[in-house]
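Trainee: This structure is in structure tokens; I'll ask about it shortly.
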Amino acid sequence: MKFPPPLFSTQPQAAQIFSAVVLPIAAGIVCGILLDVNEAAYLIVSLITIAGGFAAGYEHMGGSAGVRRGVFGGLLFGSFILIAHEIHGQDPKADLPHPGILLIVITTVLGAILGTLGGRYRARRERVPAEA
């Protein structure tokens, strides 16, 4: 893998759609199904997505670009957790906030924070070699 990854804006459109739309939706679907199957697996996969939120922000230069990506990814991720859970139709094995829509708010806010941190880290990291 090339490090750092290319900036999101320089990637082909198909790669942009895959990483910004397909991946958060797929992760949300997996988490939504795991929510109904096994609490530990749901929590583990949910925690792994934290790295994905930071990495998504890292594809952008600066916190303001990263936050937009994080909000969008968190919104999709949380929405598809609930959608998959509802379609699967089982009782959740892990606790969900009440009302469930709060999960979307939580994942969107966390996505914004992670995207901001990733974008800020990228900007700071790329400035250091130029100054050295």
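Here the sequence shown is numbered in the working numbering, starting from 28 and rising by one per residue. Cβ atoms here follow ideal geometry from the backbone N, Cα and C, with glycine treated the same way.
For G100 and G138, which I take to be in contact (beta-carbon distance under 8 angstroms), what is that distance rounded to the nearest angstrom?
Mentor: Indeed, because the Cβ distance is near 5 angstroms, the residues count as touching under 8 angstroms.
Trainee: Tell me whether P124 is buried or exposed, calling it buried when 16 or more other Cβ atoms sit within 10 Å of its Cβ.
Mentor: Under this definition P124 is an exposed residue.
Trainee: For L74 and A67, I'd like the C-alpha separation in whole angstroms.
Mentor: So the two alpha carbons sit approximately 11 angstroms from each other.
Trainee: Consult DSSP for D63 and reduce its assignment to one of helix, strand or coil.
Mentor: Note: D63 maps to helix in three-state DSSP.
Trainee: Alpha carbon to alpha carbon, how far is Q43 from G142? Give it in angstroms, no decimals.
Mentor: Approximately 15 angstroms, taken between the alpha carbons.
Trainee: Would the C-beta of G105 count as close to the ligand ZN, meaning under 6 angstroms from any of its heavy atoms?
Mentor: The ligand ZN is not part of this structure, which contains no ligands at all.
Trainee: Just curious, the alpha helix (DSSP H) that V94 is in, first and last residue?
Mentor: Per DSSP, V94 belongs to the alpha helix (DSSP H) from G90 to H115.
Trainee: So what's E86 in DSSP terms, helix, strand or just coil?
Mentor: Three-state result, E86: coil.
Trainee: Figure out for me which residue from T134, G127 and Q117 has the closest Cα to the Cα of F97.
Mentor: Residue identity differs from the one stated: residue 97 is Gly in this sequence, not Phe. Of T134, G127 and Q117, the residue nearest in Cα terms is T134.
Trainee: Return the chain-ordered list of same chain residues with a C-beta closer than 7 angstroms to the C-beta of L61, the five sequence neighbours on each side being excluded.
Mentor: Hits under 7 angstroms: A68, Y69 and V72.
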